[in-house]
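Visitor:
Chains as they are written, first to last, in the working numbering: chain A, 24 to 420; chain B, 2 to 303.
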């Protein structure tokens, strides 16, 4: 029906054009391809727009990093060389004044502050000039230096007299919650995918797949709300732990969010295994479950690996569920029934209240960069390594 | 004989295990939906949907949040759908499958799809508000603060980056269902490539573009993290009138009411009601997308 329809339209239009063409030139040279501006432009524009997604990735890289950079490249340029002279003089005084300024020379070296201090003064006057400039100018750079020092510490107290930005507890919290949710979601989703791919009849499959795809449509804020209102109370009644909102509740809730991703990709990987594998195995006398577990599952492992990786990526960057269901206290313990605070939730909770350009602001962007790099790498692994392996295994090369 | 019997038992057990995990997942979905439905169904009324919040959000309706969500997804679609469709057209019609350009675009699209939504929020803040917005203010308004702060335009653009991969993937799938013969026929009749695309390929895949749009809208309606600091507001007495206004959103409304309001228990019915509205919205959208997609796939197999 459709093809004929289009066909008739096209022929009509082209006939029309040909008529007008012939009336102008008499003959059409069909061997020559006419250059058309509209076509040329269309192609160029389409190509340009297609590059947009690459551009966006690069821009995200650039801008998220740019806002976190001031922590590292804190030295503002020295105004004049004269300033360095003054610096040399004022320096001695500075050392006595406060312990904060002791951290100036080398950030990594915490113990021999005094020594590194001397070194800096001797060797690079310009460098010192830059530093001293900010000493007189104010606190901005000062904060950055001490903030950088606290990045690897265990405490996260961004808004206090002496702000400490210990990412360590946040990272531990994030990994803890990721582990819990993957331990919950991966087995469930993979087993369900095996059922759907190998055992389920056509009818059951038509129920299972859309239902789980529906789960993917649940907004994360709804899952977070469910975890906060219902799941937390329910789990507390079952397990009798103290804090109502903790990494266990958060982990389960994030697992629910990750299930559809793991399920869908695993199911795709399992059904992508050629039918001949299945038939050969059954013909050799293996039963249905033996085929499913010992033939099809091993053939699809790279795909399942990718599925779990992408599930991890989803959980790692999940913000709303983490904000609502994990309790949001930066604690270090390994107990799953303690409150935790994840990297993403920290950004979500604190970015709105932070002063633009402040050290705290920069540190939050630094956390964003960490998240971005992590998910980028996970996606790259899932994309290149796994796909290559999967193709090799299935094609038997 | 005995061995095969043992195997049978094992087989039944293992099959049962896989079946029960599938059932458990379905049970989770059903329980979640039922709980939210029961909690929120009494709250939903015409008045709830069309009136403003009252008494410090402890009473009244959620109209501004619905309005804000609608405005957000419309602006988002205006930005994301054309660009997503054009990218999909490039990938299927112009680029060769193995070319480096096509491969890197595909990789970029998939990366965009897995980047955590909070990163988009950071990007929106760093790029749209602090970079583009501030430059616009400096250039046109002489430093007066108008665009260099969170508003609905920047929030929608941030959201459109997030939904771009959704559109691209759906449209690409639909474009591939247009038969090669149709293109060949069009080209053979003397139509140029662009004419073929415009008059043959796009009309043939319009349902796919629609699917992509619906999926993108449903995604954008539910996401909160990207707009947390690019334009969403806790409470506004007026509806957003221009692109430089802030706005309210259903998802953020749920988040704030359930975690940061002074009296969580008192507003519980409103919270469940809002969640139910959001859930129904995304469900209806997703459901229609699934039906459309099913029809596309059916066409493909015919």
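The beta carbon of each residue, even a glycine, is placed where N, CA and C say it ideally should be. As the structure is a prediction and not an experimental result, all values here were calculated from the model.
With a cut-off of 8 Å, does the C-beta of residue 20 of chain B fall near any C-beta of chain A?
Guide: yes
Visitor: Quick one: does residue 312 of chain A have its CB under 8 Å from some CB of chain B?
Guide: yes
Visitor: Below 9 Å between beta carbons is the criterion; list the residues of the segment 326-350 of chain A that meet it against any residue of chain B, in chain order.
Guide: 333, 336, 337, 339, 340, 341, 342, 343, 346, 347
Visitor: State the CB to CB distance for the pair residue 252 of chain B and residue 225 of chain B, rounded to an integer number of angstroms; the pair is presumed to be in contact (CB under 8 Å).
Guide: 4 Å
Visitor: List the residues of chain B that residue 62 of chain A touches, going by C-beta distances under 9 Å, in chain order.
Guide: 193, 194, 195, 196
Visitor: Determine the direct distance from the alpha carbon of residue 406 of chain A to that of residue 107 of chain A, and round the result to whole angstroms.
Guide: Unreliable placement is indicated for residue 107 of chain A, whose pLDDT of 39 sits below 50; the coordinate value is still reported in the next sentence. Whole-angstrom Cα-Cα distance: 52 Å.
Visitor: Using a Cβ-Cβ cut-off of less than 7 Å, give me the residues of the segment 259-285 of chain A that come near chain B, in sequence order.
Guide: 279, 282
Visitor: Would residue 243 of chain A and residue 341 of chain A qualify as a contact pair, given that the criterion is a beta-carbon distance under 8 Å?
Guide: yes
Visitor: Can you tell me the Cα-Cα spacing of residue 145 of chain B and residue 264 of chain A, whole angstroms?
Guide: In this structure, the alpha-carbon of residue 145 of chain B lies about 54 Å from that of residue 264 of chain A.
Visitor: Beta carbons nearer than 7 Å to chain B: which residues of the segment 393-415 of chain A have them?
Guide: Cβ contacts with chain B: 394, 395, 398, 399, 402, 406.
Visitor: What is the residue span of the alpha helix (DSSP H) that residue 59 of chain B lies within?
Guide: First-last for residue 59 of chain B: undefined, no H or E at that position.
Visitor: Could you give the distance in angstroms between the alpha-carbon of residue 275 of chain A and the alpha-carbon of residue 120 of chain B?
Guide: Going from the Cα of residue 275 of chain A to the Cα of residue 120 of chain B covers about 23 Å.
Visitor: Excluding the 5 residues preceding and the 5 following residue 365 of chain A in the sequence, name in chain order all residues of the same chain whose CB lies nearer than 7 Å to its CB.
Guide: 193, 196, 197, 200, 345, 349
Visitor: Relative to the C-alpha of residue 75 of chain A, which candidate in B:25, B:151, B:80, B:40 has its C-alpha closest?
Guide: B:80
Visitor: Give the C-beta separation of residue 335 of chain A and residue 401 of chain A to the nearest angstrom, bearing in mind that I take them to be a contact with Cβ-Cβ under 8 Å.
Guide: 6 Å
Visitor: Along the alpha helix (DSSP H) that carries residue 337 of chain A, what are the first and last residues, could you check?
Guide: 324-340
Visitor: Considering only C-alpha positions, which residue in the set B:12, B:205, B:190, B:126 is nearest to residue 300 of chain B?
Guide: B:205
Visitor: Are the beta-carbon atoms of residue 319 of chain A and residue 270 of chain A separated by less than 8 Å?
Guide: No; because the gap between Cβ atoms is not below 8 Å, this pair is not in contact.
Visitor: With DSSP as the reference, please indicate the residues paired to residue 180 of chain A in a beta bridge.
Guide: A:187
Visitor: Does the separation of the CB atoms of residue 157 of chain B and residue 249 of chain B fall below 8 Å?
Guide: No; because the gap between Cβ atoms is not below 8 Å, this pair is not in contact.
Visitor: Between which residues of its own chain and residue 378 of chain A is the CB-CB distance below 7 Å, once the five residues before and five after are set aside?
Guide: 384
Visitor: Cα-Cα, which of A:260, A:236, A:296 is closest to residue 288 of chain B?
Guide: A:236
Visitor: Quick one: using the 10 Å Cβ neighbour count with 16 as the cut-off for buried, is residue 358 of chain A buried or exposed?
Guide: exposed
Visitor: Pull up the distance between the alpha-carbon of residue 21 of chain B and that of residue 147 of chain B, whole angstroms please.
Guide: 56 Å
Visitor: Does the segment 106-125 of chain B come into contact with the segment 162-172 of chain B, if we say contact requires no fewer than three beta-carbon pairs (one atom in each stretch) closer than 8 Å?
Guide: yes
Visitor: Could you compute how far the alpha carbon of residue 198 of chain B sits from the alpha carbon of residue 410 of chain A?
Guide: 31 Å
Visitor: Give me the residue from B:124, B:223, B:302, B:203 with the minimum Cα distance to residue 83 of chain A.
Guide: B:124
Visitor: Ignore the nearest five residues each way along the sequence and tell me which others in residue 116 of chain A's own chain have a CB closer than 6 Å to its CB.
Guide: Residue confidence is low: residue 116 of chain A scores 38 on pLDDT, short of 50, so the model does not pin down where it sits. No coordinate-derived value is stated.
Visitor: Within the same chain, show all residues whose beta-carbon is closer than 7 Å to that of residue 282 of chain B, passing over the 5 residues directly before and after it, in chain order.
Guide: 222
Visitor: Would you give the residue range spanned by the alpha helix (DSSP H) that residue 111 of chain B belongs to?
Guide: In the DSSP assignment, residue 111 of chain B falls within the unbroken alpha helix (DSSP H) covering 101-115.
Visitor: Any beta carbon from chain B within less than 8 Å of residue 199 of chain A's own beta carbon?
Guide: no
Visitor: Please tell me whether residue 67 of chain A has its Cβ less than 8 Å away from any Cβ of chain B.
Guide: no
Visitor: Among B:126, B:87, B:291, which one has its Cα closest to the Cα of residue 230 of chain B?
Guide: Residue 230 of chain B has its Cα closest to that of B:126, out of B:126, B:87, B:291.
Visitor: For a test of the three-state rule: what should DSSP assign to residue 273 of chain A, helix, strand or coil?
Guide: helix
Visitor: By a C-beta neighbour count over all protein chains shown, 10 Å radius and 16 as the cutoff for buried, is residue 107 of chain B buried or exposed?
Guide: So residue 107 of chain B ends up on the buried side.
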